[in-house]
Amino acid sequence: MIARLFSFRGGIRPDSHKKESSGAPIRPVPLPARLVVPLIQSSRGGARPIVTVGDKVLKGQCIGEAEGKTGTAIHAPTSGTVSEIGRYPMAHPSGLESPAIVITPDGEERWIAHEPLDLATASRDELILRIQASGIVGMGGATFPSHIKIGKDSTIETLVINGAECEPWITCDDRLMRERAADVVRGAMILRRLNGARRVLVGIEDNKPEAIAAMSAAARARMDTEDADGGARIDIVTVPTRYPAGGERQLVRVLTGIEIPANRIAGDFGVQCFNAGTAHAVCRALVHGEAMVARIVTVTGDVERPGNYEVPLGFPVADLLALCGVRPGVDRVLMGGPMMGFTLPKLDAPITKGSNCIIAASPGLFPPAPPEQPCIRCGRCARACPAGIQPFDLYWFSRSRNFDKAGEYHIFDCIECGCCAYVCPAHIPLVDYFRFAKSEIRARDEERRAASQARARFEFHTFRLEREKAEKAARLAAKAAETRASLSAAAKADAAEQNVAPPPPKPPT
Amino acid sequence: MTSPHIRQPASVQRVMLTVLLALAPGIAAYVWQIGAGILVNLAIATAAALAAEALVLKLRARPVALTVTDGSAVVTAWLMVLAFPSIVPWWLTVLGALFAIVAAKHLYGGIGQNPFNPAMAAYCAMIVAYPALMSQWPAAGQGDFAAQLQLILGGSREVDAVTGATALDTLRTGLRNHADVNTILATGAFGFVGGRGWEWIAAGYLAGGLFLIATRSIDWRLPLGFIAGMGGTACLFWLAAPERFASPLFHLASGGAMLASFFIVTDPVTAASTPRGKLIFAAGAGIIAWFVRVFGAYPEGIAFAVLLMNICVPLIDHKTQPAAFGQRTRP
Ligand code: SF4
Ligand code: SF4
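Sequences listed follow chains A and B, in order.
Our numbering puts the first residue of the first sequence at 1, with every later residue one more than the last.
Our numbering puts the first residue of the second sequence at 1, with every later residue one more than the last.
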């Protein structure tokens, strides 16, 4: 077993509000009138449509091929007809649009033939290709393509499976681990085989005892019944409940003691981290041959029927909310948790691979922020900050647009977890200031880069002109020298012809 | 609206109220040992500070209601009064409160921006302007409220009846006359560890301070730094020459040491802000305060020490930035 846990600095303990949605088993949802399946559902690259309007598709059929090395494939979430291909607003803080394929379900839910891989014989490359072709991305919300992460050639010692689920209100991983522990464990072991880790650690917060029990049982069963994993261990580790224990860097710190700096990735330190939902999806794809066509979504907050639902991708948020019965008084809808999630500008946005939670927010449950007051430098924000930075300093620098200083004081180490703003007695929206400063710094760096590129281009241009001039001069000089040489040779020949001794060489003057 | 969408039920008011609450045991001990005169000056200072705060905010076109009610002016007023002798005339209290709020706080931009501790700035200004009034301390154990009231509100200053030399004063005068520390401390002005009566007030501040630490309202590094700075320095000299220097315990129990440890150097606005910086800042204040007490021109040196360290805060903060997450990791 794990000898000891480590701790990370800072963090907070907000009310968990998990009970509201964690009680009932995962439920299916009836098919909506249409599914809007975005072609971009990962943080790196998207998919190219390979169907046209009018095509009949089967559930799980690939409708968008992975674009390039980093793209991930997109599949039909149900059987039906492709009715439109166009641009639609996405679940995004500012309602960005993305190309999407609209499918009108035929209601039959006919699957395409499953093509599981023979794990015993398939090569590493085949498995990784299948992960990409099955459209698997990080399901904790970051949607980083899993095939890129697992395909890296770094030497991995420890595979961390993130089942911490530290954000309040969200319970989709909790339910998944309770109900489908065997698949999560199986997926974790496949990932372990792909990255060559010696041990697998599954971190789960101690407020999920049922998930811990189910996962422990599944892990024991896996290690007892098969030796397909070459005797590799998988340990279920209970970690203290403290937001943001489920942040990748925080969880790696708690489980292994390694602190990964902001400018490095876990792989550099022999660790790789996948969400429990991702491990489950890997198992479904490789063992059962099912592409990613649905995900578990927590719907909670001010709704009549909070809970976890297995939702086909592309399902409109508005339809999902209608299913759960939004109570009167709800004035906005959050996607993600209350600490890091955002307010949905439009409710017709579809559920995508990264949508873990929908919260119907009313002023009763989520009171509006009290007015901002001046900072009293009380230091509570610094005490709560898991990144070990001093938010109030960054606040002053951001406010006074002193971006150089903000950079010097590690603003890019900020993970935007919101702990500082959560504790601030002056009710300062600190994270807003940091987001603003970061985007300003990025824009400025971009500008500088463009300017320096232009300058480099100009300098190269001048350099080329000068080089050409120099080359021309050199050519001319060479030519002149040649002419002179041939002239003097001719002169010599003449002199020889006249049998006159050549004039003595001039002494150097 | 943007994340986070939830907040702890915390507010600046609550922070300030906690400080006021923590001052209660010290004030109660004051009333018990010295007399209720302090309450009159507390009330006067509170009213003056609030009025000044409201007026300045209005002149500066800032939201008046929100800031006046944040409680910070009341904290400043109380700390100032507790640092002053409790029998100073009412106008001196008003003047001090005006100085603290208008000059020390708002001239620098208001709450959160002032580099100098307002209560200590007012103390320094007043002791320089009115050295005599600022050195008349009420005697312990008399509790003559009518006489104290007369001093505070009336014009006359028939002081001898109700004043007494403080422990630090007595020690100082005694040492000037080449007496031995032990002989001086054996006189009636002294109790168990500090000035008779006054040591109970110090104990009250200590109790309030421990409450603040327990509720995580103040950072333990600040009181610890101050106590270690003053106590450590006192200890060195005391060990070297016990007949010429009083014990560390005496220094910590006398004058404003406890008030400063838990309520003055802990002012978040004017203290250093990094973990290591807090220790350095507070220890520096403690060390300087001891030197002013023992070698300086005034019997109590805490206010000057705090202002001096306030000046150093930007430098201390800059030099003691904590390592961000992973900064100590070696690949
Ligand atoms: S918690 Fe708020 S008031 Fe306190 S130092 Fe941080 S930003 Fe300032
Ligand atoms: S949002 Fe940034 S600054 Fe605030 S606590 Fe989180 S990491 Fe620290």
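Where is the CB? At the ideal position from N, CA and C, for every residue including glycine.
For the beta strand (DSSP E) containing residue i, name the first residue and the last one.
| i | result |
| --- | --- |
| residue 274(A) | 271–275 |
| residue 308(A) | 307–312 |
| residue 49(A) | 47–49 |
| residue 114(B) | Element bounds for residue 114(B): n/a, residue is neither H nor E. |
Have a look at the options and flag the residue whose alpha-carbon is nearest the alpha-carbon of residue i.
| i | options | result |
| --- | --- | --- |
| residue 30(B) | 87(B), 270(B), 45(B) and 223(B) | 87(B) |
| residue 281(A) | 295(A), 246(A) and 311(A) | 295(A) |
| residue 365(A) | 332(A), 389(A) and 375(A) | 332(A) |
| residue 239(B) | 23(B), 181(B), 108(B) and 53(B) | 181(B) |
| residue 150(A) | 162(A), 371(A), 142(A) and 137(A) | 137(A) |
| residue 10(A) | 471(A), 397(A) and 390(A) | 390(A) |
| residue 116(B) | 53(B), 200(B) and 307(B) | 307(B) |
| residue 315(A) | 123(A), 20(A), 271(A) and 88(A) | 88(A) |
| residue 354(A) | 336(A), 370(A), 363(A) and 123(A) | 336(A) |
| residue 20(A) | 357(A), 108(A), 217(A) and 311(A) | 357(A) |
Quick one: is residue i near chain A, going by C-beta distance under 7 Å?
| i | result |
| --- | --- |
| residue 7(B) | yes |
| residue 111(B) | yes |
| residue 324(B) | yes |
| residue 261(B) | no |
| residue 135(B) | no |
| residue 2(B) | yes |
| residue 246(B) | no |
| residue 10(B) | yes |
Does residue i come within less than 7 Å of chain B when only Cβ atoms are used?
| i | result |
| --- | --- |
| residue 343(A) | yes |
| residue 13(A) | no |
| residue 418(A) | yes |
| residue 373(A) | yes |
| residue 410(A) | yes |
| residue 1(A) | Any reading at residue 1(A) must be qualified, since the residue scores a pLDDT of 48, below 50, and its modelled position is unreliable; no value is offered. |
| residue 358(A) | no |
| residue 366(A) | yes |
| residue 413(A) | yes |
| residue 339(A) | yes |
| residue 243(A) | no |
| residue 441(A) | no |
| residue 27(A) | no |
| residue 423(A) | yes |
Alpha helix (DSSP H) containing residue i: first to last residue?
| i | result |
| --- | --- |
| residue 249(A) | 248–256 |
| residue 207(A) | Premise fails: residue 207(A) is in no alpha helix (DSSP H) and is neither H nor E. |
| residue 330(A) | Element bounds for residue 330(A): n/a, residue is neither H nor E. |
| residue 185(A) | 181–195 |
| residue 93(B) | 90–98 |
| residue 38(B) | 37–59 |
| residue 383(A) | 380–384 |
| residue 349(A) | Note, residue 349(A): premise wrong, no alpha helix (DSSP H); not H, not E. |
| residue 124(A) | 124–133 |
Check whether chain C comes within 7 Å of residue i, counting only Cβ atoms and requiring the distance to be less than that.
| i | result |
| --- | --- |
| residue 434(A) | Included in the structure are the protein chains A and B, with no chain C among them. |
Taking 6 Å as the cut-off, is the C-beta of residue i nearer than that to any heavy atom in ligand 2?
| i | result |
| --- | --- |
| residue 415(A) | yes |
| residue 424(A) | no |
| residue 252(A) | no |
| residue 375(A) | no |
| residue 311(A) | no |
| residue 166(A) | no |
| residue 317(A) | no |
Shorter than 6 Å, the distance from the beta carbon of residue i to the closest heavy atom of ligand 3, or not?
| i | result |
| --- | --- |
| residue 357(A) | In terms of ligand content, the structure shown lacks ligand 3 and carries ligand 1 and ligand 2 instead. |
Given 6 Å as the limit, tell me if residue i has its C-beta closer than that to any heavy atom belonging to ligand 1.
| i | result |
| --- | --- |
| residue 62(A) | no |
| residue 419(A) | no |
| residue 399(A) | no |
| residue 392(A) | yes |
| residue 378(A) | yes |
| residue 428(A) | yes |
| residue 381(A) | yes |
Could you check whether the region 273–292 of chain B touches the region 229–239 of chain B, counting it as contact only if at least three pairs of C-beta atoms, one from each stretch, sit closer than 8 Å? yes
Do the region 103–113 of chain A and the region 41–59 of chain A touch if we need at least three Cβ pairs shorter than 8 Å? Touching, yes, given that three or more Cβ pairs across the two stretches are closer than 8 Å.
Determine contact between the region 150–169 of chain A and the region 197–209 of chain A, defined as no fewer than three beta-carbon pairs at a distance below 8 Å. yes
Would the region 198–206 of chain B count as touching the region 19–34 of chain B if we require 3 or more Cβ pairs under 8 Å? yes
Cβ contact check for the region 403–417 of chain A and the region 99–106 of chain B: 3 or more pairs under 8 Å: no
Does the pairing of the region 395–403 of chain A with the region 436–443 of chain A give three or more beta-carbon distances under 8 Å? By the criterion of at least three beta-carbon pairs nearer than 8 Å, the region 395–403 of chain A is in contact with the region 436–443 of chain A.
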